[in-house]
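In UniProt numbering, the protein residues as written are 1 to 346.
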Amino acid sequence: MAHGLRHRIKYARLVQRAASSPRAAGADAQGYRYVVQLALEGTPHHKPKHPIGQGIVGGDLGPSTLALVPQQGEASLQVFCAELAPDVRGIRRLQRQMGRQRRAGNPEHFDEQGRITKQGSRTLRWKQSKRYQATRRRKATTERKLTAHRKSLHGRLVHQVCALGTTIIIEKISYKAWQRQYGKSVGLRAPGMFVDQLRRTVASTGGILVEVPTRTTALSQWCHGCGRKVKKPLSQRWHHCACGVGPVQRDLYSAFLAAYLDPADPTPSCAQYQPYWEGAEVRLRAAHECLMQRAKEGQVLPRSLGITRAGARLPESPEEPLQESAVLLRHARLEAWEEPLEPPPL
């Protein structure tokens, strides 16, 4: 804050935000808070705890996953905002409550089965009770907290990416098409918001973010061993070519191809990947083994990572199971044995 206030103020912006209720701290009679934002000259402050790496990093961005393969360092494959835990049931309960309050306050707009009646070209005028407005504020507060948590997780991930290298190469993807195809899963992880924040942070630290067009490069469909492009279905999460390349996880392989891609000429060729493949293959397999270990420890992973759910969970308790088949009839009731299967060691 002190670093920003040392610069000249360019202009001020008055922002009006809805509070949780008119009785909230700093809210007026209508339930709004007012904040003044200052736009200052200069570059933003860079905290010393966020290091800046050196080298080139290749990334493969998915609807809910991110694969990173630096030229020098360990590869990684992780889930966007893995710590984000939305209260889906709580939000759904608030939505149902709002629906009931809306029907109770506007009975003339619904038929006997609870459906909205058709009014032709005339627009419906909805009456909102104070209870309905309070429920809507509660739902807005829950979603606002979820958005703030997601933004914080995106910021932490952006600094982790910047610590790997100064030049980051990813494929340019249409996030609106992802929203139409995957729906709420994209809205929850918000990969487009992550890329926007990454673009601003890389520019402020002096790095370069290269977005190559995915239609011309098609790294996920290309093989550096034979140089062919084969269209693969989305369900196929492993790259295994007849030329001998693979099997390797598809997202990690695309990030490897992006890491050694020439930003000036983003056309992949077989010659530029042959010297680096032997060392990179070991790093890609190590990243996938780390992901398998996290799945066995209990982390819930999407199916797009290519890890089957069967056999990916450990028992909740390391204790020995109890014997439940044999029962004893004692004092007119059934009691199960509680002895372990094996006697304790001497």
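Where is the CB? At the ideal position from N, CA and C, for every residue including glycine.
### Anticipated Cβ contact below 8 angstroms, residue 268 with residue 210, distance rounded
For the purposes of this step, residue 268 is taken as the residue at position 268 of the sequence shown. For the purposes of this step, residue 210 is taken as the residue at position 210 of the sequence shown. Not confirmed; about 14 angstroms, so no contact.
### Message
According to DSSP, is residue 23 part of a helix, a strand, or is it coil?
### Response
By one-based count along the sequence shown, residue 23 stands at place 23. Three-state result, residue 23: coil.
### Query
Can you list, in chain order, the residues of its chain whose CB lies under 6 angstroms from that of residue 1, leaving out five sequence neighbours each side?
Stepping through the sequence shown from its first residue, residue 1 is reached at position 1. So the list is empty, once near-sequence residues are dropped.
### Task
Please report how far the alpha carbon of residue 351 lies from the alpha carbon of residue 286, in whole angstroms.
Residue numbering for the chain in the displayed model covers 1 to 346; residue 351 lies beyond these limits and cannot be assessed.
### Query
In its own chain, which residues sit with a C-beta less than 6 angstroms from the C-beta of residue 284, not counting the 5 before and 5 after it?
Counting from 1 along the sequence shown, the entry for residue 284 is found at position 284. Closer than 6 angstroms at the Cβ level, and outside the excluded window around residue 284, lie 75, 248 and 252.
### Message
Quick check on the DSSP output: what are the complete beta strand (DSSP E) runs of length 3 or more inside the segment 264 to 296, in order along the chain?
### Response
none
### Task
Find the nearest neighbour of residue 51 within the set 60, 92, 19 and 157, judged by alpha-carbon distance.
For this step, residue 51 is matched to residue 51 along the sequence shown. Considering only alpha carbons, the answer is 157.
### Task
Note down, in chain order, each residue of its chain lying with its Cβ closer than 8 angstroms to the Cβ of residue 244, except the 5 sequence neighbours on either side.
Position 244 of the sequence shown holds residue 244. Around residue 244: 225.
### residue 91, enclosing alpha helix (DSSP H) - first and last residue
Counting from 1 along the sequence shown, the entry for residue 91 is found at position 91. Its alpha helix (DSSP H) spans residues 88 to 105.
### Message
Going by DSSP in three states, residue 178 sits in which element: helix, strand or coil?
### Response
Counted from its first residue, the sequence shown places residue 178 at position 178. Note: residue 178 maps to helix in three-state DSSP.
### Query
Can you tell me whether DSSP reads residue 146 as helix, strand or coil?
Start at 1 with the first residue of the sequence shown, and residue 146 comes out as number 146. Three-state result, residue 146: helix.
### Task
Could you tell me which residues DSSP puts in a beta bridge with residue 211?
Position 211 of the sequence shown, counting from 1, holds the residue named residue 211. Partner(s): 170.
### Task
Report the rounded CA-to-CA distance for residue 62 versus residue 304, giving the unit in angstroms.
Within the sequence shown, the letter at position 62 stands for residue 62. Within the sequence shown, the letter at position 304 stands for residue 304. Approximately 9 angstroms between the Cα atoms of the pair.
### Residue nearest to residue 260 in terms of C-alpha spacing, selected from 57, 134 and 113
Start at 1 with the first residue of the sequence shown, and residue 260 comes out as number 260. Selected option, being the one with the closest Cα: 57.
### Which residues DSSP lists as bridging residue 48, in chain order
Indexing the sequence shown from 1 puts residue 48 at position 48. DSSP, once it has assigned bridges, lists no residue as partnering residue 48.
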